[in-house]
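What follows is a set of notes on a single structure, which appears directly below.
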Amino acid sequence: METKITHIAVVTIPAFSHQASIVEFCKRLVHFHHNFHVTCIFTTIDSPPQATITFLQSLPPNIDYIFLPPINKQDLPKDVPLAVQIQHAVSKSLLSFHHALKSLCSSNNPLVALISDPFANETLEIAKEFNLLPYIYFPPSAMTLSLFLHLPTLHEEVSCEYKDHKGAIHIPGCLPIHGNDLPEHLDDRSSLSYELFLERSKRFSLAYGFLVNSFSAIEGERVSTLVEIGNKPVYLVGPVIQTGAIIEPKESDCMMWLENQTPKSVLYVSFGSGGTLSEEQVNELAFGLESSGQKFLWVFRAPNVSANALYLGASNDDPLQFLPDGFLERTKGQGLVVANWAPQTQILSHKSIGGFLTHCGWNSTLESIVLGVPMITWPLFAEQKMNAVLLTKGLKVALRPKFNDNGTAERKEIAEVIKELMLGEEGNEISQRIEELKYAAVAALKEDGSSTRALSQFISDIENFLRQQV
Ligand code: UDP
Numbered sequence: 023m024e025t026k027i028t029h030i031a032v033v034t035i036p037a038f039s040h041q042a043s044i045v046e047f048c049k050r051l052v053h054f055h056h057n058f059h060v061t062c063i064f065t066t067i068d069s070p071p072q073a074t075i076t077f078l079q080s081l082p083p084n085i086d087y088i089f090l091p092p093i094n095k096q097d098l099p100k101d102v103p104l105a106v107q108i109q110h111a112v113s114k115s116l117l118s119f120h121h122a123l124k125s126l127c128s129s130n131n132p133l134v135a136l137i138s139d140p141f142a143n144e145t146l147e148i149a150k151e152f153n154l155l156p157y158i159y160f161p162p163s164a165m166t167l168s169l170f171l172h173l174p175t176l177h178e179e180v181s182c183e184y185k186d187h188k189g190a191i192h193i194p195g196c197l198p199i200h201g202n203d204l205p206e207h208l209d210d211r212s213s214l215s216y217e218l219f220l221e222r223s224k225r226f227s228l229a230y231g232f233l234v235n236s237f238s239a240i241e242g243e244r245v246s247t248l249v250e251i252g253n254k255p256v257y258l259v260g261p262v263i264q265t266g267a268i269i270e271p272k273e274s275d276c277m278m279w280l281e282n283q284t285p286k287s288v289l290y291v292s293f294g295s296g297g298t299l300s301e302e303q304v305n306e307l308a309f310g311l312e313s314s315g316q317k318f319l320w321v322f323r324a325p326n327v328s329a330n331a332l333y334l335g336a337s338n339d340d341p342l343q344f345l346p347d348g349f350l351e352r353t354k355g356q357g358l359v360v361a362n363w364a365p366q367t368q369i370l371s372h373k374s375i376g377g378f379l380t381h382c383g384w385n386s387t388l389e390s391i392v393l394g395v396p397m398i399t400w401p402l403f404a405e406q407k408m409n410a411v412l413l414t415k416g417l418k419v420a421l422r423p424k425f426n427d428n429g430t431a432e433r434k435e436i437a438e439v440i441k442e443l444m445l446g447e448e449g450n451e452i453s454q455r456i457e458e459l460k461y462a463a464v465a466a467l468k469e470d471g472s473s474t475r476a477l478s479q480f481i482s483d484i485e486n487f488l489r490q491q492v
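Residue 23 is where the sequence shown starts when you use my numbering, and the numbers rise one by one after that.
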């Protein structure tokens, strides 16, 4: 008897970290269940980033992909936050998305479900038109999902700006959080960013369920509250992290350099796929790294005051010219600076790495946990400050440096935090805790692990639904 193939589509946004996360999830889905076929639909601004193109070269045969016609960056509103630009690009792609869905639904193997990125959840309205089961794949934490689900209520309950709210904000099932640590889109409640965030949150009600890139040992306690407030199933299917291509040490300067360092001696410093620092902050960090006396590997970008300036594409400038005078000469032997991009998961898996100074993007956070690397949190934008709170106050696997009133971390503070993480008693305790989480992450993904069971439950829920339709 011919086996029936279940064809689903996923739709994602023009941001490498979201694309990589949803595609890795799809790989896990089809690996786990061979009768699934996935079509990934990419909304695009200008042209897809090189990192995405490289990443798509290693897909299994039961995953294919479509790039929707690109939206011209010139046609997007200027001087607005990146999230607003992305939201506009998605809205402008809806017509071509509709055409793509129509064609996939009339193929020999019609679609049965659509899984959307949270930023692309306008597409779920179109999914209903084609009778597709609508889901959201949520690349960030369950804590952030709780914020999304709770925001319409919070919006009614709190009248002032959240950062002026007296005392902590209570998001159901989560640690109390200060208004300053909420995503910056919520900073100004009269802004377009806020309005779009709120609309996006309200559209979560269109989904039948949420797949979340997290796992039970770090966020299992939130699931029952999430199910209660969202009134739909929540599947913790993570940690979904990038597997990527393995680069041989001899092919990459930084891997070769790591080969020559002592175990756990190097601090890896990186701010995600597009994070940048101001010129002043670059100087302070450079002097902080130098005076800490610790080995470091720094993925360095040209300074820019907009923290996520390069999210949609790399700059052509040679960034190393922006380092303080003489820094490279003085730190020769102590550190290595790599321009713009490095093979992160491979670096974090290297035995020489002993710490990660990270902007706390959720992918970087999970990669660090899965690979057992203690962290220093340096959140820049989006929900990263919430992740920093979870890592420092909740899971206690990171240290958070203090920033002064101008929002700058000063060199002395940086050096002290680095030394504490790499050499101090607190650093040692953090290492032990993260080692336990590393094993819990492996356990979650085993055949009988919590995340595998959640994925299996998701698949049976789809199959049961389809059986009822026959
Ligand atoms: N990444 C990488 N090399 C780099 C910078 C980033 O491979 O030099 C990858 C990193 O491993 C992670 C993703 O890009 O998978 C960044 O995602 P994250 O959620 O941490 O941050 P974002 O890019 O969304 O700010």
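Ideal Cβ positions, reconstructed from N, Cα and C, are used throughout, including at glycine.
Distance cut-off 7 angstroms: residue i Cβ against heavy atoms of ligand 1
{"i": "E389", "result": "yes"}
{"i": "Q264", "result": "yes"}
{"i": "N385", "result": "yes"}
{"i": "Q366", "result": "yes"}
{"i": "G449", "result": "no"}
{"i": "H381", "result": "yes"}
{"i": "W320", "result": "no"}
{"i": "G357", "result": "no"}
{"i": "F141", "result": "no"}
{"i": "A164", "result": "no"}
{"i": "A37", "result": "yes"}
{"i": "S274", "result": "no"}
{"i": "G294", "result": "yes"}
{"i": "G297", "result": "yes"}
{"i": "W363", "result": "yes"}
{"i": "A476", "result": "no"}
{"i": "A105", "result": "no"}
{"i": "A410", "result": "no"}
Supposed close pair residue i, residue j - CB separation, criterion 8 angstroms
{"i": "A466", "j": "A239", "result": "7 angstroms"}
{"i": "R433", "j": "S313", "result": "6 angstroms"}
{"i": "L342", "j": "A364", "result": "Actually they are not in contact, since the Cβ atoms of L342 and A364 sit about 14 angstroms apart, beyond 8 angstroms."}
{"i": "N235", "j": "V262", "result": "5 angstroms"}
{"i": "F344", "j": "V304", "result": "6 angstroms"}
{"i": "V32", "j": "V60", "result": "6 angstroms"}
Status (buried if at least 16 other CB within 10 Å, exposed otherwise) for residue i
{"i": "R489", "result": "exposed"}
{"i": "I137", "result": "buried"}
{"i": "V327", "result": "exposed"}
{"i": "I75", "result": "exposed"}
{"i": "F487", "result": "exposed"}
{"i": "A308", "result": "buried"}
{"i": "R222", "result": "buried"}
{"i": "D186", "result": "exposed"}
{"i": "L175", "result": "Correcting the residue identity first, residue 175 is Thr in this sequence and not Leu. Exposed, because fewer than 16 other Cβ atoms sit within 10 Å of the Cβ of T175."}
{"i": "E351", "result": "exposed"}
{"i": "K415", "result": "exposed"}
{"i": "P99", "result": "exposed"}
{"i": "T34", "result": "buried"}
{"i": "E405", "result": "buried"}
{"i": "T284", "result": "exposed"}
{"i": "S212", "result": "exposed"}
{"i": "S472", "result": "buried"}
{"i": "H29", "result": "buried"}
Rounded straight-line distance, which links the Cα of residue j to that of residue i
{"i": "I456", "j": "L311", "result": "23 angstroms"}
{"i": "L445", "j": "I375", "result": "13 angstroms"}
{"i": "I398", "j": "D97", "result": "38 angstroms"}
{"i": "I44", "j": "N130", "result": "25 angstroms"}
{"i": "L81", "j": "Q454", "result": "36 angstroms"}
{"i": "Q316", "j": "K354", "result": "12 angstroms"}
{"i": "L248", "j": "D86", "result": "32 angstroms"}
{"i": "F47", "j": "K373", "result": "27 angstroms"}
{"i": "S435", "j": "K26", "result": "Checking the sequence shown, residue 435 turns out to be Glu, not Ser. Rounded to whole angstroms, E435 to K26 spans 60 angstroms at the Cα level."}
{"i": "H192", "j": "I199", "result": "7 angstroms"}
{"i": "T474", "j": "S371", "result": "23 angstroms"}
{"i": "D209", "j": "C182", "result": "11 angstroms"}
{"i": "G449", "j": "E442", "result": "6 angstroms"}
{"i": "T367", "j": "H207", "result": "29 angstroms"}
{"i": "K407", "j": "W384", "result": "11 angstroms"}
{"i": "E451", "j": "Y461", "result": "16 angstroms"}
{"i": "K124", "j": "N409", "result": "38 angstroms"}
{"i": "Q356", "j": "N282", "result": "12 angstroms"}
{"i": "D203", "j": "A190", "result": "10 angstroms"}
Minimum Cβ-Cβ distance from residue i to chain C less than 8 angstroms
{"i": "A329", "result": "This model lacks chain C altogether, as it is built from one protein chain only."}
Let me know the alpha helix (DSSP H) ranges lying completely inside the stretch 217-253, each 4 residues or longer, listed in chain order.
-> With a minimum length of 4 residues, the continuous alpha helix (DSSP H) runs that stay inside the stretch 217-253 are 238-241, 245-252.
In chain order, which continuous runs of the alpha helix (DSSP H) of length 4 or greater are located wholly inside the stretch 398-447?
-> 406-411, 433-445
Alpha helix (DSSP H) segments (min. 4 residues) lying fully within the stretch 298-325 | 301-314
Which ranges does the alpha helix (DSSP H) cover as unbroken runs of at least 4 residues, wholly within the stretch 96-180, from first to last along the chain?
-> 104-114, 116-127, 145-151, 164-179
What residue ranges within the stretch 367-394 form continuous beta strand (DSSP E) runs of no fewer than 3 residues, ordered along the chain?
-> 375-380
Segments of 3+ residues assigned as beta strand (DSSP E) that fall wholly inside the stretch 335-365 | Segments of the beta strand (DSSP E) lying fully in the stretch 335-365: 357-361.
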